[in-house]
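Throughout the sequence shown, residue numbering follows the numbering used here, covering 146 to 295 in sequence.
Quick reminder that beta carbons are idealized off the backbone N, C-alpha and C, glycines included.
Here's the structure we're looking at; comments come further down.
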Amino acid sequence: MRSYQEVRQAAQLGFSIDVNRATVDDWLRLPGLSIRQAQGLVRLRQAGVQFHCLEDVAAALGVAPDSLRPLTPVLSFCYYEEHSGTLPSVSLNQATVQQLCGLPGVSPGLAQAIVQERSHGGPYRDLADLQRRLGLTPDLVQALIYYLRP
Numbered sequence: 146m147r148s149y150q151e152v153r154q155a156a157q158l159g160f161s162i163d164v165n166r167a168t169v170d171d172w173l174r175l176p177g178l179s180i181r182q183a184q185g186l187v188r189l190r191q192a193g194v195q196f197h198c199l200e201d202v203a204a205a206l207g208v209a210p211d212s213l214r215p216l217t218p219v220l221s222f223c224y225y226e227e228h229s230g231t232l233p234s235v236s237l238n239q240a241t242v243q244q245l246c247g248l249p250g251v252s253p254g255l256a257q258a259i260v261q262e263r264s265h266g267g268p269y270r271d272l273a274d275l276q277r278r279l280g281l282t283p284d285l286v287q288a289l290i291y292y293l294r295p
């Protein structure tokens, strides 16, 4: 969607974005949002913040609610209890070996390698950086995207 007119048309066709489950790509479908704003909203959600209304989203972005009001036809504010249907995730740059071992597909050896490389090479920028630094297969990284965040 490139305009607010397209937002209204999308809403008429039944398109909706659940703000408490939205991905960066979902947010970027909306006109007027930058990638940094989209990433910030997703990071807040991953940290456990739930948005209850348009004003919450506006406050998180540091903008006036009126600037987001044209998006309301496609924004859905659903409430989710903690851990209801959400996958547990750990911070790639803060997780201990024990926490990493608790994730599907992470062996004790891999967990140790993740922590050691982080200690020597500094924080991981993202999962692609993890893949490059440890030489992980695309299949393994694909499995880990649901459980690890930078």
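Through-space distance from residue j to residue i, alpha-carbon basis
i	j	result
VAL187	GLN195	10 Å
ALA192	VAL251	22 Å
LEU289	LEU272	8 Å
GLN154	ALA258	50 Å
ASP211	ASP170	23 Å
SER229	VAL235	Only weak support exists for where SER229 lies, its pLDDT of 48 falling under 50; the value from the coordinates is given anyway. In a straight line, the C-alpha of SER229 is about 17 Å away from that of VAL235.
LEU293	ILE162	23 Å
TYR149	HIS265	48 Å
ARG174	ASP274	26 Å
THR282	LEU245	17 Å
LEU285	ARG147	36 Å
VAL242	ALA256	5 Å
SER157	PRO215	In the sequence as displayed, the identity of residue 157 is Gln instead of Ser. Cα to Cα, GLN157 sits roughly 14 Å from PRO215.
ALA209	PHE160	24 Å
GLN276	ALA204	35 Å
ARG278	LEU178	32 Å
GLY267	GLY247	23 Å
ILE180	VAL260	29 Å
TYR291	TRP172	19 Å
Closest by C-alpha distance to residue i, when choosing among the options
i	options	result
GLN184	LEU275, GLN261, SER234, LEU206	LEU206
GLY280	PRO295, GLU262, PRO268	GLU262
CYS198	ARG190, ASP274, THR217	THR217
ARG166	GLN276, GLN182, LEU285, LEU189	LEU189
PRO249	VAL260, GLN287, ARG277	GLN287
GLN182	GLY267, LEU255, LEU213, ARG278	LEU213
GLU200	ARG277, SER179, ARG278, VAL164	VAL164
C-beta contact flag for residue i and residue j at 8 Å
i	j	result
PRO176	VAL152	yes
TYR269	PRO253	no
beta-carbon residue i near the ligand GDP non-hydrogen atom, thresh 7 Å
i	result
VAL194	Although the ligand GDP was asked about, the structure shown includes no ligands whatsoever.
Practice prompt. Within the stretch 160–230, note down every full beta strand (DSSP E) run reaching 3 residues or more, in order along the chain.
Written response: none
Discussion item. Could you check whether the stretch 236–247 touches the stretch 215–224, counting it as contact only if at least three pairs of C-beta atoms, one from each stretch, sit closer than 8 Å?
Written reply: no
Item to complete: Please go through the stretch 229–255 and give each complete alpha helix (DSSP H) segment of 4 or more residues, from N-terminal end onward.
Response: 242–246
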